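Beneath this line is the structure, given in structure tokens, with notes to follow.
Numbering (the numbering used here), first residue to last: 982 to 1161.
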């Protein structure tokens, strides 16, 4: 168990011997193999190799239902409840760009443009070809008077859809023309 103690109990417990003792008592009840498995899963999660939902075995259909519930809350105007659901989903399924895009929409709707830019940027990091996030982030940049950044986003949106097949490309063109 000494080896497991060093791995599981970081130095933060050194200043609190009472907590360290309680933690060790709890850990002694857990089989060593379970501790190794959990530690391995945690390291894989921190490295971004797996999502917490995958570790816990949550079915994708369950995550989709939660996403639909969050979207329904958003559409009905209950952005606070939608935000809570989406933040949770973004933690347990951190590879999914859609949660971040919806969070960006919530913050944009609330005129919290800096927060919206952050969420749209994360969504675009996960899916760099998502035109709606690109245009919405550009709009937020406009509101923040960050015109060069807005122009870059609008130009990129037009590159993603040069034939103007989506309303996002059309909107991007209009917004960029209005910047002049």
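Beta carbons are placed, not taken as given, at the ideal position from N, Cα and C, and that holds for glycine. Note that the structure is a prediction, hence the values are computed from the model and not measured.
Quick one: is residue 1079 buried, meaning 16 or more other Cβ sit within 10 Å of its Cβ, or exposed?
In the chain shown, the residue the question calls residue 1079 occupies position 98. Residue 1079 counts as buried, since no fewer than 16 other beta carbons sit within 10 angstroms of its beta carbon.
Can you give me the C-alpha to C-alpha distance between residue 1025 and residue 1073, rounded to a whole angstrom?
If you number the chain shown from 1, residue 1025 lands on position 44. If you number the chain shown from 1, residue 1073 lands on position 92. Going by the C-alpha atoms only, they are around 13 Å apart.
Around the C-beta of residue 1054, are 16 or more other C-beta atoms found within 10 angstroms, so that it is buried, or is it exposed?
Position 73 of the chain shown, counting from 1, holds the residue named residue 1054. Counting the other CB atoms within 10 Å of its CB gives residue 1054 a total of 16 or more, which places it among the buried residues.
Any 3 or more C-beta pairs closer than 8 Å across the stretch 1142-1149 and the stretch 1102-1120:
As far as the Cβ criterion goes, the stretch 1142-1149 touches the stretch 1102-1120, which means the pair count is three or higher.
Counting along the chain, where does the alpha helix (DSSP H) carrying residue 1108 start and finish?
Here the question's residue 1108 lines up with position 127 in the chain shown. Per DSSP, residue 1108 belongs to no alpha helix (DSSP H) and is neither H nor E.
Quick check on DSSP: helix, strand or coil for residue 1146?
Along the chain shown, read from residue 1 onward, the residue named residue 1146 stands at position 165. Residue 1146: coil per DSSP, three-state reduction.
Just to check my reading of the structure: residue 1098 and residue 1137 have Cβ atoms closer than 8 Å, yes? What is that Cβ distance to the nearest angstrom?
Position 117 of the chain shown, counted from the start, is the residue given in the question as residue 1098. Position 156 of the chain shown, counted from the start, is the residue given in the question as residue 1137. The C-beta separation of residue 1098 from residue 1137 comes to about 15 Å, leaving the pair out of contact by the 8 Å criterion.
Please name the residue in 1141, 1063, 1143 and 1134 whose C-alpha comes closest to that of residue 929.
Given a span of 982 to 1161 for the chain in the structure shown, any question on residue 929 remains unanswerable.
Using the Cβ count rule (16 or more neighbours within 10 Å means buried), how would you classify residue 1029?
The residue given as residue 1029 occupies position 48 in the chain shown. Exposed is the call here.
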